[in-house]
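Here is the structure we will look at, set down as structure tokens.
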Amino acid sequence: MNIHFFLSFIFSALILSRAADTIPRDQPLTDGKTIISSGGKFVLGFFSPTQTSSNRYLGIWFNNIGTVVWVANRDSPLNGKDGMLNFTRQGNLTLQNGSGRVVWSSNTTRRVENPIAQLLDSGNLVVRDITENYLWQNFDYPGDTALPGVKIGFYFKTGFSRSLWSWKSRNDPSKGVFSFIFDPRGFPQPFLMNGSIERFRGGSWNGQSFANSPSLLPSPTYNYIFVSDPDKVYFTYELTDRSVIARVVMQLNGFLELSTWNNQTQNWDNFGSAPADNCDIYGQCHAYGLCNSGNSPICRCLDKFEPKDPTEWTRGNWSGGCVRKTSLNCQKEVKFLKYSGIKLPDTRFSWYGRGVTLNACEELCLRNCSCVAYAKLDITGKNEDCLLWFDELMDIREFGASGQDIYIKLDSSETEISTGNSGKEKLKVLRISLPLAALSLLSALCLILYKRKKMKKKEEEEQNQQRFSEGRGMRSSEMSCFNESKDDDLDLPLFDFATILDATNNFSLSKKLGEGGFGPVYKGMLKDGQEIAVKRLSRYSAQGTDEFKNEVIFIAKLQHRNLVKLLGCCIQAEEKMLIYEYMPNNSLDWFLFDTDRRSLLDWPKCFHIINGIARGLLYLHQDSRLRIIHRDLKPSNVLLDIDMNPKISDFGMARSFGGNETGAMTTRVVGTYGYMSPEYAEEGKFSVKSDVFSFGVLVLEILSGTRNRGFFHPDHHHNLLGHVWIHFKEGRVLEVITTHLRESCNLSEVERLVHVGLLCVQQCQEDRPSMSSVVLMLSSDIPLPLPKEPGFFTSKSQFGEVNSSSSKLGEHSGNELSITLMDAR
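Per mature numbering (1 follows the signal peptide of the UniProt record, and there is no 0): the sequence shown = residues -19 to -1, 1 to 806.
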């Protein structure tokens, strides 16, 4: 990744600070004439990846070394030497090409007076205020390189994630096929991915490192920092010697490499890489297989297990994995066998409990038929953390003395130790020789101790169950929620957990359709051939039992062609799942915001979808047994069936009203920024008109093919609503319509839909029409009132839409996930 520079001289007008250069506001820095220094270690400027490349990029590299560590416009190269970096008075860094088009922007959403852009000596390019509060930083958007201090991880409440992506080639820094991510499912672990395929698993954090992976062990040169709590999970590293120059790179060849700079050889020395050997390749020996790179062959089955396909196994094809010699039966006695010195299996489908002892962990696994193994997580002795597995044990390798212990559930016959005939005779003689009086006394004493122990054990179990449940972010008392709904006469089928496992191929990644605020969604097929979609509640979900119960109760009672149909649910132990009819055309956003698939939505389809959504909302607001406010209407919650009929889904945040009620207030603001009405986002007031606002945003997004959140235009700082409003006033409505729709649309229908959309997003809820009026407007030529200025028109806030001067919700990173926030009382 050495670069070829075309920088002719240092721009002398830069404002210097003690730590680094700052970028002047509204003084464009042009390619070939500027360079920004961090004070000696890093440089910001324009570069070409190779001497033969005509593409130019804005990047950061090591000074005097020339190795690129970050690229701003990695997917949008400049042609020639016409790049220009500008720092606006609003605090945005923008990169423009020769024609003035913005090819990259920091999209700094928070506004402060006198913002400062600065390249720090850590290599972090930041936009900050005068008090050192960061408004934006490039460490939040790493490319293929993680410098010390860069956090790779996931933020549950916002859905914001940081990961590394390889370059496509040495001449092209755009995203390649290899990535290094943090998977938050189960107990979080780092993964190296080849596209959507797991290439290497770092393992679970054991208090010191990532599960004894040789390539991820700490050293005297650097330390790992791992953070996992209900809000976030991430890891980073720091150098113990500041004179050392280090980097972690997701290489082109699919290896994650930690390297340090050698001043003597003027080269990067490889300090460690992953995968390090054949046993680092994910799932090399598949289920219940044990990998040891020092053996030949490298795979063998765990003790008490045997190859599922012995013939293929002997040929070196281990993809079938291993199975128990004696199958488990919950009706029979089971015991646990200890396996030592291993890398713990994949924890994505595990549960963990904080403050749960190893003995308590065993009891929990014994009582749950689906549990297959348990282990102590922390090897430092500082924490009592318990892990339980509920799926096939994958990606196990042998480490010897440096490995960990796992206890796997087996049929009791597999754990019995035969003593032989001679042993049996000795035991018989011993039993006969014991005095009867001693036996009687011993029996009485054991009975007393047993009763005391049983009472104490019961108390401990209750405490441990509570701790374990809280470790998953759920309480066992929540499981009563579904029973409470029985009085509501739902007549909703309950699916067996084994049926869902079989239908989804054990929740295979190949069956995963996507993931939302509730958790992952999988495609499945029942034995009768019916296709289903399974929503599985994630323990990290911001939505919980209340939302689960909400969805069951509401959708079970609602029947409309434009609402998704709930087929049933599945509840076992802490598992909660909803089973829906399968929608083969995915969700509306899958088409809408993809440049290739968007063209499949011609004008008749778009008009049909908008009408269907409107009729579904009208049913919720007026024609159903309950008056229901959805509160989270957005493209990802509109599913499309095989005929492209829209069906509103996800009622976890819905609220119902009786009689003449039309709204309420709440301190628990839920929904998705960009679709919330002003009165709801700012004051917690919600009503049927809140859904009308969301519908209006959705209409304008469908017509423009652009998200309201994150919308950027070089001529103004308004969001999509403001952008459409400007064109509507100037009579240039057709310019906001996505290009492919202009070819098939009816101009009068387009203008009418834009008009209706703007009426729905009025600032005051009294100015918005009801859904019954909207349906009438869409199906007739009745005159339409003139819209006023839309809500959230004046400026973008930290949310992208809400005016920061009036918002009460605080500061949160932008995201497209459903959120649940609590206002202080």
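Where is the CB? At the ideal position from N, CA and C, for every residue including glycine.
Helix or strand or just coil, what does DSSP make of V304?
In the structure shown, V304 sits in a strand (DSSP, three-state: E or B).
Per DSSP, what kind of secondary structure is K710 in: helix, strand or coil?
If DSSP states are grouped into helix, strand and coil, K710 belongs with the helices.
Name the residue from N175, F207, F141, N310 whose alpha carbon lies nearest to the alpha carbon of F168.
Checking every option, the nearest Cα to that of F168 belongs to F207.
According to DSSP, is V731 part of a helix, a strand, or is it coil?
Helix at V731.
For K213, is the classification buried or exposed, using 16 other Cβ atoms within 10 angstroms of its Cβ as the cut-off for buried?
Looking at its Cβ environment, which holds 16 or more other Cβ atoms inside 10 Å, K213 is buried.
Is there contact between the segment 326 to 344 and the segment 297 to 308, where contact requires at least three CB pairs shorter than 8 Å?
No, the segment 326 to 344 does not touch the segment 297 to 308.
Is it buried or exposed, H602, if we count other Cβ atoms within 10 angstroms and call 16 or more buried?
Its Cβ being crowded by 16 or more others within 10 Å, H602 is buried.
From the DSSP output, which residues share a beta bridge with E373?
For E373, which the question treats as bridged, DSSP gives no partner whatsoever.
Flag this pair as yes or no: are the beta carbons of G72 and V108 separated by less than 8 Å?
It is a contact, given that the beta carbons lie within the stated cut-off.
Closer than 8 Å is the cut-off here; do at least three beta carbon pairs connect the segment 561 to 578 with the segment 660 to 667?
Because the criterion of three Cβ pairs below 8 Å is not met, the segment 561 to 578 and the segment 660 to 667 do not touch.
If we ignore side chains and look at the alpha-carbon of each, how far apart do A595 and P766 end up?
A595 and P766: Cα-Cα distance of roughly 19 Å.
Please report the distance separating the alpha-carbon of G130 from that of D110.
Straight-line Cα distance between these residues: approximately 21 Å.
Within 10 angstroms of its Cβ, does C745 collect 16 or more other Cβ (buried), or is it exposed?
Per the 10 Å Cβ criterion, exposed.
May I have the straight-line CA-CA distance separating R55 from L494, to the nearest angstrom?
Going by the C-alpha atoms only, they are around 28 Å apart.
From C282, N364, I4, T295, pick the residue whose C-alpha is nearest to that of N95; which is it?
Among C282, N364, I4, T295, the Cα nearest to that of N95 is on I4.
Evaluate N251 with the Cβ neighbour count: other Cβ atoms within 10 Å of its Cβ, from every protein chain shown; 16 or more gives buried, anything less gives exposed.
By the neighbour-count rule (16 or more Cβ atoms within 10 Å), N251 is not buried but exposed.
Between the alpha carbons of N503 and S383, how many angstroms are there, rounded?
A small correction: the amino acid at residue 503 is Tyr; Asn does not occupy that position in the sequence shown. Straight-line Cα distance between these residues: approximately 37 Å.
Spatial neighbours of E532 within its chain, please: C-beta separation below 7 Å, excluding the five flanking residues on both sides.
Taken in chain order, the residues that qualify are L559, F632, G633.
State the CB to CB distance for the pair R612 and R636, rounded to an integer number of angstroms; the pair is presumed to be in contact (CB under 8 Å).
Right, their Cβ atoms sit about 6 Å apart.
Of all the alpha helix (DSSP H) runs that stay within the bounds of the segment 519 to 583, which reach a length of 4 or more residues?
As far as the segment 519 to 583 is concerned, its whole alpha helix (DSSP H) runs of at least 4 residues are 526 to 538, 569 to 573.
How many Å lie between F371 and M625 at the Cα?
Rounded to whole angstroms, F371 to M625 spans 37 Å at the Cα level.
Pick out whichever of E711, M752, E730 has its Cα sitting closest to the Cα of D762.
Looking at the Cα atoms, E730 is the closest of the given residues.
Just the Cα atoms here: how many angstroms apart are K132 and Y122?
Cα to Cα, the separation comes out at about 10 Å.
I need the straight-line Cα distance from F572 to R733, nearest angstrom please.
Taking the straight line from one Cα to the other gives about 23 Å.
Rounded to the nearest angstrom, what separates G157 and S147 at their Cα positions?
Each residue's alpha carbon lies about 5 Å from the other.
Straight-line CA distance for V83 to L66?
Their Cα atoms are separated by approximately 10 Å.
Using the beta-carbon count (16 or more within 10 Å), is A479 buried or exposed?
With fewer than 16 Cβ atoms within 10 Å of its Cβ, A479 is classed as exposed.
What is the rounded straight-line gap between the Cα of T31 and the Cα of L145?
T31 and L145: Cα-Cα distance of roughly 22 Å.
Please confirm whether I377 and G270 have their CB atoms less than 8 Å apart.
Cβ atoms of I377 and G270: closer than 8 Å.
Who are the near neighbours of P256 in its chain, counting only those whose CB is closer than 6 Å to its CB and skipping five residues on each side?
The residues are F181, I262.
Going by the DSSP bridge assignment, what does residue 863 pair with across the sheet?
Nothing can be reported for residue 863, as the shown portion of the chain is limited to -19 through 806.
Could you tell me which whole beta strand (DSSP E) segments of length 3 or greater appear in the segment 103 to 167?
Fully enclosed beta strand (DSSP E) runs of 3 or longer: 106 to 109, 115 to 118, 133 to 136, 145 to 150, 153 to 164.
Using 8 Å for Cβ pairs, my map puts G64 next to L76. What's the rounded Cβ distance?
So it is a contact: roughly 6 Å between Cβ atoms.
What's the C-alpha gap between D359 and L368?
Approximately 10 Å between the Cα atoms of the pair.
Buried or exposed for D327, please, with buried defined as at least 16 other CB atoms from any protein chain shown within 10 angstroms of its CB.
So D327 counts as buried.
Determine the direct distance from the alpha carbon of N78 to that of L59, and round the result to whole angstroms.
About 6 Å.
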